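Residue numbers (this note's numbering), protein chains in the order written: chain R, 1 to 227; chain E, 1001 to 1227. Think of the CB as a built atom: it goes at the ideal place given N, C-alpha and C, for glycine as much as any other residue. As the structure is a computational prediction, the values presented were derived from the model and not from experiment.
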DNA sequence: ACCTGAACACCGTTCAAGT
DNA sequence: ACCTGAACACCGTTCAAGT
């Protein structure tokens, strides 16, 4: 088949959906959620704000597309010969690390339920759940619990990172300031929060996240004993 | 002690932090997240935008305060003579219903981790976890898993409601449109999402949410068998 | 002490006009 | 078909000026 390509040599600099998304990711990584602006973006791409609308419907679609690029990358990592549980843990950790590296992905995911990025995660987890002996009727609920937990932790991590950035603090300093606030709460009303405040700064978020995943997996195992 | 009150009869109409927060809640309930504007708010309160800044530092603080009012209300419900598990379920359901009634609370919670609203939930759950025989060193991780799950589901529900409202759809219609999108995905790449799409619209979000809570509680029970 | 409202420095999005 | 960039209709926030 003869390729009837339109004409001329493709200019590397010409605008395209892909270039716009790549520039958006760079902007979001550099300056956070509030850094992505059609004006900043068009400047980075050496064009006008209106040009971007030729390739992208609106800002919401742009953020979702940027998010999807990161999620697709994280979900493409495969590991063979692992148990379903181990694979689910790996998928979850992959998302944790992706959100850690790109905090804006956490809030983008939270704001676009049912969209492609979330479906990618759902699909990979779902395929593993099928192997765990969960009855068909309970598949959705089970997968949805895991997905919600992942998105919940991701969203909180994203908010922490954004808050710390806004305040000009690094993560340890931010956690310490939260711990301080909690220590000053009314002892009669907030005994638990106060006592747990001291543990806060020392903890490993990644390990905590994984413990939560294991808790849910244990619950699934207890509900649907497999042979 | 003699009360040296400033002067004159308090005008019912005078501005106050409380009146501002109440008006904000009303605005958020009526028009969603994007409905809360300093201009709309000042119009509702028959004042200027600048006046609000005398009582409230900025928009972020205002939203958090509005969120806290709803959360405090939801957390104040007490039930006596219940097992820790039953109490945790009740706390979780209370938050689910609060977010269902005020979707903006879901995203407000997600954006303000470590702030008072989240700590209220953390505290109530934490007190129950103490009664479940979870070792001190694992308290934070356990409570944090439950809280993340609640915030995750809440955030997704909020996003669903907001999306549906933006699109001018009711919830069933919105879920159906999501299910339709999923059914059209590539069968080779998305077998699970496609097969689960049909189950989507029929499901009870509240029941699913509770199943997730039970999954985590089962996991906790399995980890720390109590006598 | 508290309120007013114009002004500032931004936004996302549109659209006539260009090539 | 694709790009330009001025213009529109908004924002949150500030601040001199009032009472």
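Using a 10 Å radius around the Cβ and a threshold of 16 neighbouring Cβ atoms, would you call residue 58/R buried or exposed?
Counting the other Cβ atoms within 10 Å of the Cβ of residue 58/R gives fewer than 16, which makes it exposed.
Same chain only: Cβ atoms within 7 Å of residue 172/R, ignoring 5 sequence neighbours per side
201
Around the Cβ of residue 73/R, are there at least 16 other Cβ atoms within 10 angstroms (buried) or fewer (exposed)?
exposed
Write down the C-beta distance between residue 1157/E and residue 1174/E rounded to the nearest angstrom, noting that I regard them as a contact closer than 8 Å.
That belief does not hold up - the Cβ atoms of residue 1157/E and residue 1174/E are roughly 12 Å apart, past 8 Å.
Taking the alpha helix (DSSP H) that residue 1049/E falls in, what are its first and last residues?
From DSSP, the alpha helix (DSSP H) with residue 1049/E extends over 1049–1055.
Taking 8 Å as the threshold, find out whether the stretch 1120–1132 of chain E comes into contact with the stretch 188–203 of chain R through three or more Cβ pairs.
yes
Supposed contact pair residue 31/R and residue 67/R - C-beta distance, whole angstroms, cut 8 Å
Incorrect: roughly 16 Å between the Cβ atoms, too far for contact.
Can a CB atom of chain E be found closer than 8 Å to the CB of residue 85/R?
no
Identify every run of the beta strand (DSSP E) within the stretch 36–124 of chain R, keeping only runs that are complete inside it and at least 3 residues long; order them along the chain.
none
Apply the 10 Å Cβ neighbour rule to residue 49/R and answer buried if 16 or more other Cβ atoms are within range, or exposed otherwise.
Answer is exposed; the Cβ neighbour count stays below 16.
Establish whether the CB of residue 1078/E and some CB of chain R are separated by less than 8 Å.
no
When we look at the beta-carbon of residue 198/R and count the other beta-carbons within 10 Å, is it buried (16 or more) or exposed?
Counting the other CB atoms within 10 Å of its CB gives residue 198/R a total below 16, which places it among the exposed residues.
As assigned by DSSP and simplified to three states, the class of residue 982/E
Given a span of 1001 to 1227 for chain E in the structure shown, any question on residue 982/E remains unanswerable.
Closer than 9 Å, Cβ to Cβ, to anything on chain E: give me those residues from the stretch 210–224 of chain R, in chain order.
Taking a C-beta cut-off of 9 Å against chain E, the contacting residues of the stretch 210–224 of chain R are 211, 212, 213, 214, 215, 216, 217, 218, 219, 220, 221, 222 and 223, listed in chain order.
Over what stretch of residues does the alpha helix (DSSP H) that includes residue 1137/E continue unbroken?
Counting along the chain, the unbroken alpha helix (DSSP H) around residue 1137/E starts and ends at 1136–1167.
Contacts that residue 1160/E makes with chain R (C-beta to C-beta distance below 9 Å)
113 and 114
For residue 1175/E, three-class secondary structure by DSSP:
helix
Given 8 Å as the limit, is there contact between the stretch 39–49 of chain R and the stretch 85–102 of chain R, that is, 3 or more CB pairs closer than that?
no
Where residue 28/R falls: helix, strand or coil (DSSP):
helix
Residues that residue 208/R contacts on chain E, provided the C-beta gap is smaller than 7 Å
In chain order, 1141 and 1144 make up the part of chain E whose C-beta sits under 7 Å from the C-beta of residue 208/R.
Mind reading off the beta-carbon distance from residue 216/R to residue 1215/E? Whole number of angstroms is fine, and I expect it under 8 Å.
Confirmed, about 5 Å.
Between the stretch 118–143 of chain R and chain E, which residues of the former have a C-beta closer than 9 Å to a C-beta of the latter?
118, 119, 120, 122, 123, 124, 125, 126, 127, 129, 130, 136, 137, 138, 139, 140, 141, 142 and 143
Can you tell me which of the three DSSP states residue 1126/E falls into?
Note: residue 1126/E maps to helix in three-state DSSP.
Considering only C-alpha positions, which residue in the set 1019/E, 1182/E, 1210/E and 1162/E is nearest to residue 1101/E?
Residue 1101/E has its Cα closest to that of 1162/E, out of 1019/E, 1182/E, 1210/E and 1162/E.
Between which two residues does the alpha helix (DSSP H) holding residue 1221/E run?
1205–1223
Environment of residue 1179/E [buried if 16+ CB atoms lie within 10 Å]
buried
Less than 8 Å between CB atoms is the rule here; does residue 200/R satisfy it with respect to chain E?
Residue 200/R counts as touching chain E.
Please confirm whether residue 154/R and residue 109/R have their CB atoms less than 8 Å apart.
yes
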